[in-house]
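Single-structure report; data block below.
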Amino acid sequence: MTPDEVNARIAGFFPGTMGMRFTVCEPRRIVAELTVTRALCTIPGVMHGGAIMALADTVGAYGTAANLTGGKGTTTMESKTNFFAAAREGETVTAEATPLHLGGRTHVWETAIRGADGRLIAKVTQTQYVLDPR
């Protein structure tokens, strides 16, 4: 999968509607960016935690997808988020996911969400379940 292929795939779905843009799609590294719009904020000017989690969930899921063969799929079965700083309206944040475990039935990804200045906004660890083809 190339970033252009993933960006075309998410168009019209929730990640595309949020404004996610994939920039790196490799089996061991997935990177996407998102500009914080008012629609993604909770109190004026601060990105909603759910939007941060949705960004991380999407990059982790595509990380698993980049490592699957034979028509297998994936779904998130667990996710944990630690929040460290606020992302502000107008700021572009970057999510970088790397695998901690790539097993036959589960994959575990760690995603760092960083602000434009490099500060850590959140760290997400998620477990993806590998689905057999239907």
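Numbering (my numbering), first residue to last: 7 to 140.
Even for Gly, the Cβ is constructed at its ideal location relative to N, Cα and C.
Outcome for residue i when other beta-carbon atoms lying within 10 angstroms are tallied against a minimum of 16
i: R34; result: exposed
i: T64; result: buried
i: T43; result: exposed
i: R144; result: The requested residue 144 does not occur in the structure, where the chain is confined to residues 7 to 140.
i: L106; result: exposed
i: G66; result: buried
i: A91; result: exposed
C-alpha gap between residue i and residue j, whole angstroms
i: P139; j: G51; result: 43 Å
i: M24; j: T41; result: 9 Å
i: G109; j: E95; result: 38 Å
i: P21; j: R27; result: 9 Å
Neighbourhood of residue i by C-beta, 7 Å cutoff - its chain only, sequence neighbours within 5 removed
i: L137; result: K78, G79, T80, T81
i: T29; result: P9, V37, A38, E39
Own chain, CB closer than 8 Å to residue i, minus 5 neighbours either side, in chain order
i: F89; result: G55, I58, I127, A128
i: N73; result: P33, P105, L108, H113
Close Cβ partners of residue i (< 6 Å) along its chain, the five nearest in sequence each way excluded
i: E84; result: T133
i: H69; result: It should be noted that the sequence gives Gly, not His, for residue 69. If we look at G69 and ignore the five residues flanking it on each side, its Cβ neighbours are I36, A103, W115.
Integer-rounded CB distance, given that residue j should sit under 8 Å from residue i
i: A101; j: L61; result: 5 Å
i: M53; j: A93; result: 4 Å
Does the contact criterion of 3 or more C-beta pairs under 8 Å hold for the region 10-19 versus the region 42-50?
no
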